[in-house]
Amino acid sequence: MAEQNEMLKIVTPMMEHVCDHLCRFPGEIERKVDLEEVCAGCQMGKYVCDILNTYNRVKQEWIPVAERLPDVPIDTEDEHCPYFNVTFLNGVVNTLQFTSDECTWFDEEGNVYNDVLAWMPLPEKYQESDKGEY
-15 MAEQNEMLKI VTPMMEHVCD HLCRFPGEIE RKVDLEEVCA GCQMGKYVCD ILNTYNRVKQ
45 EWIPVAERLP DVPIDTEDEH CPYFNVTFLN GVVNTLQFTS DECTWFDEEG NVYNDVLAWM
105 PLPEKYQESD KGEY
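In my numbering, the protein residues as written are -15 to 118.
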C-alpha cells in the first residue's frame, strides 16, 4: 500500500503534465463533460505506472534495514509472510521471510536471524513470453 501511494505521488504530476501539454483531445472536444469522460477512460496513467513498475523491477537495489523494513501487514501468519533476498554483515546472501509483528527475519525451519544488513524484494517469477521466446 505504501508503494502504491508513493507511485501515485510520482505518477499524478507526470500525468498532469502529459494531459496539459501532450493530450490531443482538449482542442478537439468542446464540452467539458465530454472531455472528462475521455480523460476518465484514458489509459496513459496505466502505461506510465507500468513503465515505472518495470523500471523498479529492473533497478532492484539493496535496501538497508536501518533505512526501512519491508511492508508486511501485522498479524500475517508466519507461513504467509513474504520472502526477501537478504545480505548479512559477513556478505552472505540468503532468502528469508519477514514478519512485522516482531520485526523478525526467519527461515523455513523457524531459525531467527538478527544480523541482516540489507534486503530486496524477490524478482518476478519467470514467465514464457506469448511468442514462445525466452
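In this text, a Cβ means the ideal position worked out from N, Cα and C, and glycines have one as well.
As the structure is a computational prediction, the values presented were derived from the model and not from experiment.
Residue i, buried or exposed, once every other Cβ within 10 Å from all chains shown has been counted against 16
| i | result |
| --- | --- |
| residue 87 | exposed |
| residue 107 | exposed |
| residue 81 | buried |
| residue 100 | buried |
| residue 76 | exposed |
| residue -15 | Note that residue -15 has pLDDT 49, beneath the 50 cutoff, so the model's placement of it is unreliable and no number is given. |
| residue 54 | buried |
Own chain, CB closer than 6 Å to residue i, minus 5 neighbours either side, in chain order
| i | result |
| --- | --- |
| residue 84 | 56, 58 |
| residue 46 | 102, 104 |
| residue -4 | none |
Same chain only: Cβ atoms within 8 Å of residue i, ignoring 5 sequence neighbours per side
| i | result |
| --- | --- |
| residue 91 | 78, 80, 81, 97 |
| residue 49 | 100, 101, 102, 103 |
| residue 72 | 78, 97, 99, 100, 101 |
Beta bridge counterpart(s) of residue i as assigned by DSSP
| i | result |
| --- | --- |
| residue 81 | 67, 90 |
| residue 102 | 48, 71 |
beta-carbon residue i near the ligand FMN non-hydrogen atom, thresh 8 Å
| i | result |
| --- | --- |
| residue 63 | What this structure holds is no ligand at all, so the ligand FMN is not there to describe. |
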